[in-house]
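Start counting the sequence shown at 32; every next residue gets the next number (the numbering used here).
Here a beta-carbon is modelled for each residue, glycine too, at the ideal position from N, C-alpha and C.
Bear in mind that the values here come from a model prediction, so they are computed numbers and not experimental data.
Following: one structure in structure tokens, then a few remarks.
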Amino acid sequence: MSSQNRQLQIFFLPFMAHGHMIPFTDLVMLFAAKGVKTTIITTTLNVPHISKVTERAKSLGYEINILVTYFPSVEAGLPEGCESFDQASSPDMQFKFFTATTMLREPLAHLLQAHRPDCLVADMFFPWVTDVAAAFGIPRIVFHGTCVFSLSATEHIRLYEPHKKVSSDSEPFVIPNFPGEIKLTRSQMPDFVRQETGFSKFYSESRETELKCYGVIVNSFYELESAYADHYTKVLGRRAWHVGPISLRNRGTIDKTERGKKACIDDNECLAWLNSKKPNSVVYICFGSVTNFGSSQLLEIATGLEASGQQFIWVVRKEKKNEEEKEDWLPEGFEKRMEGKGLIIRGWAPQVLILDHEAIGGFVTHCGWNSTLESVCAGVPMVTWPVAAEQFYNEKLLTQILRIGIGVGAQKWARLVGDFVKREAIEKAVREIIVGDKADEMRSRAKALAESGRKAVEKGGSSDADLNALIQELSACALKTCK
Ligand code: UDP
């Protein structure tokens with residue numbers, strides 16, 4: 032085979048969480064659609080979450096394979112079968128989950144030795160991968176599940192430590208040397224940044240990896256956060272390729288519904304319900320795959336929603352065991368009163384299918400980056416309710432920079448459960464995102480961003496050009512010294 036025709040081979044290693052596996056699978060498709068030979072490495076119980084998508088891709092002629100490795104849940108002190116981060120239902124389990132992933136070092140080394148790919152794209156949560164890949168002379172790229180605004184903001188906080196110069200958790204500080212006068216408080220920051228925890232060292236290593244590795248792939252598009260994209264490369268010195276919004280790969284109904292887990296509602300039933308509503312008249316409420324509110328917070332949401340008088344689809348991470356089961360998180364007679372007006376999905380929703388429907392006028396979100404970008408792509412403004420991870424930074428991007436979000440008032444970072452938000456605040460925010468001039472203005476800004484995101488991934492758009500440039504560079508590299 033001539034060097035010109037040599038097919039580039041890339042391995043992908045996603046973190047085992049739906050919020051990471053979903054965009055990773057989309058990313059793999061992007062590369063495969065450009066003629067790259069792709070392989071996803073994952074663990075046994077995660078295969079069903081991606082296999083339908085990969086089978087469909089294969090039938091389209093894409094080169095896409097799955098390599099399976101064992102996940103050491105029991106060895107790390109987790110229950111057998113705990114292979115997805117959403118099953119880690121306490122902070123202690125979450126830490127053990129991260130520990131389990133570090134035990135994948137050796138199996139990964141074996142796979143790299145056996146297959147010798149040209150490049151390894153691995154999740155930000157695997158800092159140890161860089162050294163493993165380097166041992167085989169394979170360039171390692173980090174795939175970041177978030178935006179460059181948040182990546183740069185967290186890096187500035189790590190470098191300048193402004194949170195150590197305020198006198199209380201609630202005193203605001205400005206992120207130093209950072210565009211946009213962004214204010215935060217200590218209580219909005221992750222626990223492992225506020226103080227040394229088991230996770231702090233791991234977190235620092237993951238940030239330092241950005242400088243040690245070949246570069247960073249970002250699920251965002253240049254036009255969405257151009258000042259921060261420039262800042263990330265020119266001031267912070269990272270190499271980055273913006274290839275998003277990668278969820279726009281999902282154009283057909285089946286692509287939109289078969290993401291992550293199997294949805295707990297039939298697509299046709301869901302679409303029929305939405306089709307019966309006027310444009311921009313329904314609020315969609317969902318807090319991603321990890322957040323797990325307690326009954327009192329859910330009850331508060333139900334009461335706030337009812338008081339707002341708005342129509343809604345509300346996704347709750349609780350499944351009903353039988354019709355008779357009494358659910359303590361719902362007010363008496365709630366579903367009966369809301370019949371035709373509100374739909375509760377217990378479990379997993381076809382989120383992209385719902386957001387893309389013209390009936391959806393607003394999204395109450397925890398500001399996970401995938402959800403945020405999916406909402407931008409659908410031109411839907413958001414009520415921002417950050418809970419944990421980097422979600423408080425994402426909120427600032429939405430409310431202060433892009434001005435397509437209104438905050439519900441969550442002030443405290445807390446794993447899984449977040450800050451407690453009262454019914455009155457929920458009622459007010461839900462009404463404000465659906466009706467009134469402010470809602471219309473935010474919606475028209477969101478629609479303009481959706482249009483620019485769509486253009487970015489089209490042939491010749493900024494993200495398409497970045498992806499092509501990366502593939503060309505890796506191909507040239509594979510032929511020369513990198514391998
Ligand atoms: N998601 C979904 N149905 C659900 C909940 C989540 O399809 O019921 C998808 C959502 O579309 C997004 C991902 O799961 O792609 C969640 O990622 P995000 O970054 O928003 O939040 P995380 O789960 O990582 O907190």
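Looking at the structure shown, is residue i part of a helix, part of a strand, or coil, going by DSSP?
| i | result |
| --- | --- |
| Leu44 | strand |
| Phe230 | helix |
| His397 | coil |
| Ala165 | helix |
| Arg462 | helix |
| Gly449 | coil |
| Tyr245 | coil |
| Ser34 | At Ser34, the pLDDT of 48 sits below 50, so the modelled position is not reliable; the number obtained from the coordinates is stated separately. Three-state DSSP puts Ser34 in a helix. |
| Ile437 | strand |
| Thr240 | helix |
| Leu39 | coil |
| Val266 | helix |
| Lys214 | strand |
| Ile502 | helix |
| Val274 | coil |
| Asp468 | helix |
| Asp154 | strand |
| Pro148 | coil |
| Met52 | helix |
| Lys486 | helix |
| Gln442 | coil |
| Ser493 | helix |
| Phe223 | helix |
Rounded to whole angstroms, how far is the Cβ of residue i from the Cβ of residue j, which I believe are closer than 8 Å?
| i | j | result |
| --- | --- | --- |
| Val70 | Leu39 | What sits at residue 70 in the sequence shown is Thr, not Val. Not confirmed; about 12 Å, so no contact. |
| Ile375 | Cys301 | The pair is not a contact, with the Cβ atoms about 12 Å apart (cut-off 8 Å). |
| Gln342 | Lys367 | Incorrect: roughly 16 Å between the Cβ atoms, too far for contact. |
| Val452 | Glu331 | 7 Å |
| Ile464 | Val414 | 5 Å |
| Arg225 | Arg217 | 6 Å |
| Trp400 | Asn306 | Trp400 to Asn306, Cβ: 29 Å. No contact. |
| Val163 | Ala140 | 5 Å |
| Thr85 | Glu114 | Actually they are not in contact, since the Cβ atoms of Thr85 and Glu114 sit about 18 Å apart, beyond 8 Å. |
| Ser402 | Cys317 | 7 Å |
| Tyr253 | Ala487 | 7 Å |
| Tyr259 | Phe180 | 4 Å |
| Leu279 | Gly484 | 7 Å |
| Thr288 | Leu447 | Between Leu447 and Thr288 the Cβ distance is about 26 Å, and since that is not below 8 Å, they are no contact. |
| Phe167 | Arg189 | About 30 Å separates the two Cβ atoms, so there is no contact after all. |
| Leu255 | Ser183 | At roughly 14 Å, the Cβ-Cβ gap does not stay under 8 Å, so Leu255 and Ser183 are not in contact. |
Does chain B have any CB closer than 8 Å to the CB of residue i?
| i | result |
| --- | --- |
| Thr430 | No chain B is part of this structure, which consists of one protein chain only. |
CB of residue i to nearest heavy atom of ligand 1: below 7 Å?
| i | result |
| --- | --- |
| Ser402 | yes |
| Val179 | no |
| Glu426 | no |
| Arg290 | yes |
| Gln226 | no |
| His397 | yes |
| Gly440 | no |
| Gln516 | The structure shown does not extend to residue 516, since the chain is modelled only from 32 to 514, so the question has no answer here. |
| Val266 | no |
| His273 | no |
| Thr322 | yes |
| His262 | no |
| His388 | no |
| His146 | no |
| Trp416 | no |
| Ile53 | yes |
| Cys317 | yes |
| Glu405 | yes |
| Gly29 | Absent from the structure is residue 29, since the part of the chain shown begins at 32 and ends at 514. |
| Gln382 | yes |
In chain order, what residues of the same chain have a beta carbon less than 8 Å from the beta carbon of residue i, not counting five sequence neighbours either side?
| i | result |
| --- | --- |
| Asn499 | Lys65 |
| Gln442 | Ser201, Thr216, Ser218, Gln219 and Asp450 |
Please go through the same chain and pick out, in chain order, the residues whose beta-carbon is closer than 7 Å to the beta-carbon of residue i, but skip the five residues on each side of it.
| i | result |
| --- | --- |
| Lys478 | Gly410 |
| Val539 | What the structure shows of the chain is the stretch from 32 to 514, and residue 539 is not part of that stretch, so it cannot be assessed. |
| Thr430 | Thr415, Gly436, Ile437 and Gly438 |
| Ser339 | Glu458, Val461 and Arg462 |
Between residue i and ligand 3, is there a pair consisting of the residue's CB and a ligand heavy atom that are separated by less than 7 Å?
| i | result |
| --- | --- |
| His194 | No copy of ligand 3 appears in this structure; the ligands present are ligand 1. |
With a CB to CB cut of under 6 Å and the five nearest residues on each side skipped, what residues in its chain are close to residue i?
| i | result |
| --- | --- |
| Ser506 | Leu39 |
| Gln219 | Phe423 and Trp444 |
| His51 | Pro45, Asp154 and Gly176 |
| Ile296 | Ile376 |
| Gly378 | Cys295 and Glu350 |
Exercise for the section: List in chain order: all unbroken beta strand (DSSP E) runs of 3+ residues lying wholly within the stretch 61–144. Expected result: 68–74 and 95–100, all fully within the stretch 61–144.
Practice task
Note down, one range per segment and in chain order, each alpha helix (DSSP H) of at least 4 residues found wholly within the stretch 353–419.
Solution key: Those alpha helix (DSSP H) runs which fall completely within the stretch 353–419 and span 4+ residues are 365–368, 382–386 and 400–409.
Handout entry: Residue ranges of each alpha helix (DSSP H) within the stretch 278–362, 4 or longer
Key = 284–288, 298–306 and 326–339
Exercise for the section: Could you tell me which uninterrupted alpha helix (DSSP H) segments, each at least 4 residues in length, are contained entirely in the stretch 168–206, listed from first to last along the chain? Expected result: Segments of the alpha helix (DSSP H) lying fully in the stretch 168–206: 179–191.
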